[in-house]
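Count along the sequence shown from 1, then add 11; that gives the number in our numbering. Glycine included, every Cβ here is placed at the ideal spot set by N, Cα and C. Below: the structure, in structure tokens.
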Amino acid sequence: MMIFTQVKIISGTSHSSVSITENNVMTVIEKGVIKTANNYTTAVSFKGERSKLKLGDVRIESGATALATVKKHNIITMEKGSIKSGNQAAVEAHGQNSIIELGNVQIEATAAALQTGHNATITMEKGSIKAQGYAVQANGQNSMIKLGDIQIESEDGGISAHYKSIVTMEKGSIKGVRGIDLENGSIVKINNVQIEAKQQGAFVTNGSTLIMNKSFIKAKEDGIGIYLESLTGKNNDSRIGIAEKRTEIKLTDVVIEAGKAGISTQTYASQVNFNLKNSEIHSNVLIKNNVNSRFNFTLNADHSILEGGALVNPTDYMRVIFNLSNGTVWTPKISKEEKKAVSNGNLGGLLDISTRSRSAVSVLNLDNSTIVFDKPTNDQYQELHVGHAIPNAASRPAS
Numbered sequence: 012m013m014i015f016t017q018v019k020i021i022s023g024t025s026h027s028s029v030s031i032t033e034n035n036v037m038t039v040i041e042k043g044v045i046k047t048a049n050n051y052t053t054a055v056s057f058k059g060e061r062s063k064l065k066l067g068d069v070r071i072e073s074g075a076t077a078l079a080t081v082k083k084h085n086i087i088t089m090e091k092g093s094i095k096s097g098n099q100a101a102v103e104a105h106g107q108n109s110i111i112e113l114g115n116v117q118i119e120a121t122a123a124a125l126q127t128g129h130n131a132t133i134t135m136e137k138g139s140i141k142a143q144g145y146a147v148q149a150n151g152q153n154s155m156i157k158l159g160d161i162q163i164e165s166e167d168g169g170i171s172a173h174y175k176s177i178v179t180m181e182k183g184s185i186k187g188v189r190g191i192d193l194e195n196g197s198i199v200k201i202n203n204v205q206i207e208a209k210q211q212g213a214f215v216t217n218g219s220t221l222i223m224n225k226s227f228i229k230a231k232e233d234g235i236g237i238y239l240e241s242l243t244g245k246n247n248d249s250r251i252g253i254a255e256k257r258t259e260i261k262l263t264d265v266v267i268e269a270g271k272a273g274i275s276t277q278t279y280a281s282q283v284n285f286n287l288k289n290s291e292i293h294s295n296v297l298i299k300n301n302v303n304s305r306f307n308f309t310l311n312a313d314h315s316i317l318e319g320g321a322l323v324n325p326t327d328y329m330r331v332i333f334n335l336s337n338g339t340v341w342t343p344k345i346s347k348e349e350k351k352a353v354s355n356g357n358l359g360g361l362l363d364i365s366t367r368s369r370s371a372v373s374v375l376n377l378d379n380s381t382i383v384f385d386k387p388t389n390d391q392y393q394e395l396h397v398g399h400a401i402p403n404a405a406s407r408p409a410s
């Protein structure tokens with residue numbers, strides 16, 4: 012519990028900026044406007060320690076950061092009001108054990124809207140975020156961002172969690188090029204959230220954990236539901252010491268609709284556990300692996316619906332295991348999108364239908380579950396190989 016040596020009430024309707032430099036002070040601003048006159052001054056900043064700032068229905072505008080605590084053990088609360096920022100994050104919590112709490116606040120940001128550093132926390136309940144950069148960024152070890160009933164719109168991405176940080180979101184929506192980005196052993200937990208992404212619903216690197224409940228991902232057109240990738244393109248990645256750590260995906264009562272692929276992987280030296288319960292994935296391709304590397308992927312689907320082929324090439328060092336249980340239904344499909352690679356990384360026409368019709372997994376375990384094949388397309392059956400993929404196998408035409 013903080014004990015304050017002084018309580019300051021700042022009155023007046025307009026301020027160019029507010030800077031709190033004292034220690035152990037409570038400052039109150041009930042209403043008004045705080046607006047900076049340049050692109051480098053923070054509108055409201057804490058430079059003391061163990062202090063608290065209470066903001067009421069205040070409008071904050073800055074060409075740089077709008078609201079920031081950079082020293083340790085500070086608390087900022089804001090009820091109602093609005094924040095508009097320029098070339099830096101709108102709200103920053105970078106002081107150790109500092110806390111920023113926002114309630115029913117509207118944020119417009121040219122860069123990020125919320126950003127935390129090491130051991131800092133931001134909580135936002137209700138309100139909305141519109142950002143040109145990644146809207147929500149948890150960037151420090153042991154930092155945390157908690158969101159409740161927030162509507163996020165971004166020209167880039169919605170939520171970014173790096174360096175063993177944690178982000179939780181209860182209710183709300185995310186619209187952006189990418190919905191969620193979590194790396195470096197971070198954790199993201201969301202419940203009752205609608206994600207609409209132009210490219211990827213979620214981007215996950217090895218060692219991280221994504222937990223979703225009662226949520227929906229829609230990845231438009233050539234979008235991907237969940238994209239799995241390593242930190243680097245090396246089998247012996249030890250840059251930050253999480254090579255070969257396990258990635259955990261846990262989806263319960265989640266629906267994914269993706270134009271290109273439900274799951275796409277480009278991982279090295281990693282173990283992925285992908286768990287579905289009462290969930291659905293609908294896509295042109297269920298899973299596609301983009302590189303041949305040391306990689307173990309296990310899909311555990313409990314009472315779920317899977318749609319799309321498995322375009323992978325299992326080997327001794329790349330294993331893809333499907334465990335389907337409790338009434339799960341998997342419907343492989345002939346891909347309508349897989350194209351030939353040509354020079355300069357461009358894509359040519361569609362691959363031969365025999366290639367697009369072939370699915371493969373290393374191990375397939377069925378427990379009261381079903382695989383359903385559609386009728387032939389252009390006289391071509393779909394095929395499912397279990398074990399090592401059969402190179403250059405001639406697919407069987409329909410008779």
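Review point. Taking all protein chains shown into account, do 16 or more other C-beta atoms lie within 10 angstroms of the C-beta of Ser30, making it buried, or fewer, making it exposed?
Key: Here Ser30 is exposed: its Cβ has fewer than 16 other Cβ atoms, across all protein chains shown, within 10 Å.
**Study point:** Buried or exposed by the 16-neighbour rule on C-beta atoms within 10 Å, applied to Ser171
**Key:** Buried, by the Cβ-count rule.
Review point. Got a sec: does the ligand FAD put a non-hydrogen atom nearer than 7 angstroms to the Cβ of Glu232?
Key: This structure simply doesn't include the ligand FAD, nor any ligand for that matter.
Check your understanding: Helix or strand or just coil, what does DSSP make of Ala104?
Key -> Reduced to three states, the DSSP call for Ala104 is strand.
Review point. What are the boundary residues of the beta strand (DSSP E) that Phe308 is part of?
Key: Per DSSP, Phe308 is one residue of the beta strand (DSSP E) stretching across Phe306 to Asp313.
Exercise for review: Could you work out which residue in Thr258, Leu262 and Lys63 is closest to Gly109 when comparing CA atoms only?
Suggested key: Note that residue 109 is Ser in the sequence shown here, rather than Gly. The shortest C-alpha to C-alpha distance from Ser109 to any of Thr258, Leu262 and Lys63 is the one to Lys63.
Exercise for review: May I ask you to report which of helix, strand or coil DSSP gives His26?
Suggested key: Strand.
**Study point:** Close Cβ partners of Val374 (< 6 angstroms) along its chain, the five nearest in sequence each way excluded
**Key:** Counting only Cβ-Cβ distances below 6 angstroms, and skipping sequence neighbours, we find Ile332.
Review point. So, using beta-carbon positions, are Leu335 and Asp378 closer together than 8 angstroms?
Key: Yes, Cβ-Cβ distance for Leu335 and Asp378 is below 8 angstroms.
Check your understanding: Going by beta carbon distance, what residues of the same chain come within less than 7 angstroms of Asn34, once the five residues before and after it are set aside?
Key -> A distance below 7 angstroms between beta-carbons, with the five flanking residues on each side excluded, links Asn34 to the following residues of its chain, in chain order: Gly59, Glu60, Arg61 and Ser62.
Review point. With distances taken between CB atoms, is the gap from Ser176 to Thr216 smaller than 8 angstroms?
Key: Ser176 places its beta carbon 8 angstroms or farther from that of Thr216.
**Study point:** Residues that DSSP places opposite Lys46 in a beta bridge
**Key:** BP columns for Lys46 point to Glu72.
Check your understanding: Expressed to the nearest angstrom, what Euclidean distance is found between the alpha-carbon atoms of Asp68 and Ala75?
Key -> Distance between the alpha carbons of Asp68 and Ala75: 21 angstroms.
Review point. Among residues of its own chain, excluding the 5 on either side of Thr342, which ones have a beta-carbon nearer than 6 angstroms to its beta-carbon?
Key: Excluding sequence neighbours, Thr342 sits near Glu318 and Val383.
Practice item. Grab me the residues of Tyr328's own chain with a C-beta within less than 7 angstroms of its C-beta, minus the 5 sequence neighbours each way, in chain order. Key: In the same chain as Tyr328, and ignoring 5 residues on each side of it, the C-beta atoms closer than 7 angstroms to its own belong to Arg305, in chain order.
**Study point:** Assumed close pair Leu239, Thr278 - CB separation to whole angstroms, cut-off 8 angstroms
**Key:** Cβ atoms of Leu239 and Thr278 come within 8 angstroms of each other, at about 5 angstroms.
Check your understanding: Which residue comes first and which comes last in the beta strand (DSSP E) that contains Lys19?
Key -> In the DSSP assignment, Lys19 falls within the beta strand (DSSP E) that extends over Gln17 to Ile20.
Review point. What separation, rounded to the nearest whole angstrom, lies between the Cα atoms of Asn49 and Ala124?
Key: Cα-Cα distance, rounded: 19 angstroms.
Point to revise | Extent of the continuous beta strand (DSSP E) to which Tyr238 belongs | key: From DSSP, the beta strand (DSSP E) with Tyr238 extends over Ile235 to Glu240.
Practice item. Give me the Cβ distance between Ala146 and Met155, rounded to the nearest whole Å; I'm assuming they're in contact under 8 angstroms. Key: At roughly 16 angstroms, the Cβ-Cβ gap does not stay under 8 angstroms, so Ala146 and Met155 are not in contact.
**Study point:** Selection from Ala371, Val199 and Ile163 that minimises the alpha carbon distance to Gly187
**Key:** Of Ala371, Val199 and Ile163, the residue nearest in Cα terms is Ile163.
Practice item. Could you tell me the distance, in whole angstroms, from the CA atom of Ile161 to the CA atom of Lys344? Key: C-alpha of Ile161 to C-alpha of Lys344: approximately 37 angstroms in a straight line.
Check your understanding: Going by Cα to Cα distance, which pick from Met223, Ala208 and Asn224 is closest to Ala230?
Key -> Out of Met223, Ala208 and Asn224, Ala208 has the C-alpha closest to the C-alpha of Ala230.
Point to revise | Distance between Thr276 and Asp248 (C-alpha atoms, nearest Å) | key: With a pLDDT of 40 at Asp248, under the threshold of 50, the modelled position of that residue is not reliable, and the figure given next carries that caveat. For Asp248 and Thr276, the distance between alpha carbons rounds to 17 angstroms.
Review point. Rounded C-beta distance between Leu113 and Gly138? I'm assuming under 8 angstroms.
Key: Contact flag correct, Cβ pair sits at about 6 angstroms.
**Study point:** 7 angstroms CB neighbourhood of Ser281 in its chain, flanking five on each side removed
**Key:** So the qualifying residues of the chain are Asn217, Ser241, Glu255, Thr258 and Phe306.
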